[in-house]
Amino acid sequence: MQARQFQRPPLPAMPKMEEDGNPRFVIFIRMANVYLWYPLSIVAGGTTAKIMDTLARNLAAVIYKDEKAIQKTAIKQHRVLRSATEFRYGYKIVENGNMRAAISSNDVIELPKQDELKTVVDKVKDFFGDAKESFGKLTSLETPPPTETEEESKVKS
């Protein structure tokens, strides 16, 4: 009876996916403090996903955009995640159409956390946004309305 407690749940059924030449990725989720990955969904990447240096950022941006809905789905699929308060996300590339290998929880590449995704521009905006709050309401320097020149007043006279 106790041996049954520690058995891993069966792997999910493999979805049918058409081959369109774009790479496929399995998205994973885990609790922040437990290093056990759970497969969540499969995503087809577009042409920009073929550029590996932007891949992680693009996947993470998509996940964080709908993070609450993704967490809700993950908890429905993997009830053990119910107790988690913080999550991490990862991915694996589906190589040669081998879905079984792709959904295994080893060799998952962890995606950057949401705060690590910010670009230099975002960080500057955040800094000045925080500075604005720290200094209270910032007022713009308004130039005084143009006054009539001597020539315009002579014309009116």
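First residue of the sequence shown? That's 1 in full-length UniProt numbering, and the numbers climb one at a time after it. Note that beta-carbon positions come from the ideal geometry of N, C-alpha and C, so glycine has one too.
- Here the alpha carbons of A32 and R57 stand approximately 19 Å from one another.
- Straight-line spacing of the CA atoms in I27 and N106 works out to 13 Å.
- A residue is called buried once 16 or more other Cβ atoms fall within 10 Å of its Cβ, and V108 is buried on that count.
- Between the alpha carbons of R88 and K72 lies a gap of roughly 14 Å.
- Boundaries of the alpha helix (DSSP H) harbouring A69: 67-77, taken from the DSSP string.
- Secondary structure note for R100: its alpha helix (DSSP H) is the uninterrupted segment 99-102.
- When DSSP states are grouped into helix, strand and coil, A44 belongs to the strand group.
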